[in-house]
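Sequential numbering from 4 applies to the sequence shown in the numbering used here. Glycine residues also receive a C-beta, built at the ideal position from the N, C-alpha and C atoms. No experiment lies behind these values; they were computed from the predicted model shown. Inspection log for the structure reproduced underneath, given as structure tokens.
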Amino acid sequence: VKKENFDIILLDLIMPGIKGIDAMVEIKKISPRTKVIMITAFATIDSAVQAIQKGASEYISKPFKINELLTVVNRVTEEIKFADNIKHVDLDFALSSFSNSIRRDILSMLYEKTKMRFMEIVKQLEIEDSRKVVFHLKILKEANYITQDSDKLYFLTSVGEVAYNSLKIFKDYLVSSKKK
Numbered sequence: 004v005k006k007e008n009f010d011i012i013l014l015d016l017i018m019p020g021i022k023g024i025d026a027m028v029e030i031k032k033i034s035p036r037t038k039v040i041m042i043t044a045f046a047t048i049d050s051a052v053q054a055i056q057k058g059a060s061e062y063i064s065k066p067f068k069i070n071e072l073l074t075v076v077n078r079v080t081e082e083i084k085f086a087d088n089i090k091h092v093d094l095d096f097a098l099s100s101f102s103n104s105i106r107r108d109i110l111s112m113l114y115e116k117t118k119m120r121f122m123e124i125v126k127q128l129e130i131e132d133s134r135k136v137v138f139h140l141k142i143l144k145e146a147n148y149i150t151q152d153s154d155k156l157y158f159l160t161s162v163g164e165v166a167y168n169s170l171k172i173f174k175d176y177l178v179s180s181k182k183k
């Protein structure tokens, strides 16, 4: 950990020479952004609470199924991605921009199709009054989420891609949280 950065570390609660929780505390001092998944065959509510309070991202009891471990690792990986993406986004501005379903739909369409003409966007949104679409495109342009090329095709900027990915990760996280 002193020589190399790790996104995720799996630690056993009981290890020879050092307790897993003590090792995790030392790891967190050196590398606070590293996520730790604590694993143990001796799971108690107290040990789980203590591990989470001291900084573990997740806690898994042995024996576990490989799918369970992969699900936990994937969930922690999504948390890391979300944290990395959210650093680059003005959260209040992003949330206000995303509060409207038309703007979310426009971002999604441009993410999927890469570039689109104005009338394609209007048609796909199925909005009769194209002035509404102009309004929402203007907001997204002012947010630097979209721009136009010399052919007047709309596309996501790099900021727009980060914002869209953050929104997608947040949405996926909410969906996975509801399944718990």
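Excluding sequence positions up to five away, which residues of its chain have a Cβ less than 7 angstroms from the Cβ of Thr-160? In the sequence shown, the residue the question calls residue 160 occupies position 157. These residues qualify, in order along the chain: Asn-147, Tyr-148, Ile-149 and Thr-150.
Counting only runs of 4+ residues fully inside the region 84–153, write out the alpha helix (DSSP H) ranges in chain order. 94–101, 104–116, 121–128 and 133–145
My output table needs one value for Asp-175: the three-state DSSP class, helix, strand or coil. Your numbering for residue 175 matches position 172 in the sequence shown. In the structure shown, Asp-175 sits in a helix (DSSP, three-state: H, G or I).
Can you list, in chain order, the residues of its chain whose CB lies under 6 angstroms from that of Ile-130, leaving out five sequence neighbours each side? Position 127 of the sequence shown, counted from the first residue, corresponds to residue 130. Closer than 6 angstroms at the Cβ level, and outside the excluded window around Ile-130, lie Val-136.
Alpha carbon to alpha carbon, how far is His-139 from Asn-168? By 1-based counting over the sequence shown, the position of residue 139 is 136. By 1-based counting over the sequence shown, the position of residue 168 is 165. Cα-Cα distance, rounded: 19 angstroms.
Compare the beta carbon distance of Thr-43 and Ile-12 with 8 angstroms and say whether it is the shorter of the two. Locating residue 43 in the sequence shown gives position 40, counting from the first residue. Locating residue 12 in the sequence shown gives position 9, counting from the first residue. Not a contact, by the Cβ cut-off of 8 angstroms.
For Ile-24, which option in Ala-46, Ile-124 and Lys-57 has the closest C-alpha, if you only look at C-alpha atoms? Sequence index remark: in the sequence shown, residue 24 carries index 21 (1-based). Measuring from the Cα of Ile-24, the nearest candidate turns out to be Lys-57.
Hey, Asn-8 and Ser-34: beta-carbon distance below 8 angstroms or not? Residue numbering aside, residue 8 sits at position 5 when the sequence shown is read from its first letter. Residue numbering aside, residue 34 sits at position 31 when the sequence shown is read from its first letter. In contact: Asn-8 and Ser-34 (Cβ atoms closer than 8 angstroms).
Give the range of the alpha helix (DSSP H) segment to which Asp-10 is assigned. The count along the sequence shown starts at 1 and reaches residue 10 at position 7. No alpha helix (DSSP H) contains Asp-10, which DSSP labels as neither H nor E.
Whose C-beta lies closer than 7 angstroms to the C-beta of Ile-30 among residues of the same chain, with five residues either side of it excluded? The residue given as residue 30 occupies position 27 in the sequence shown. Excluding positions up to five away in sequence, the list reads Val-4, Ile-12, Thr-37 and Val-39.
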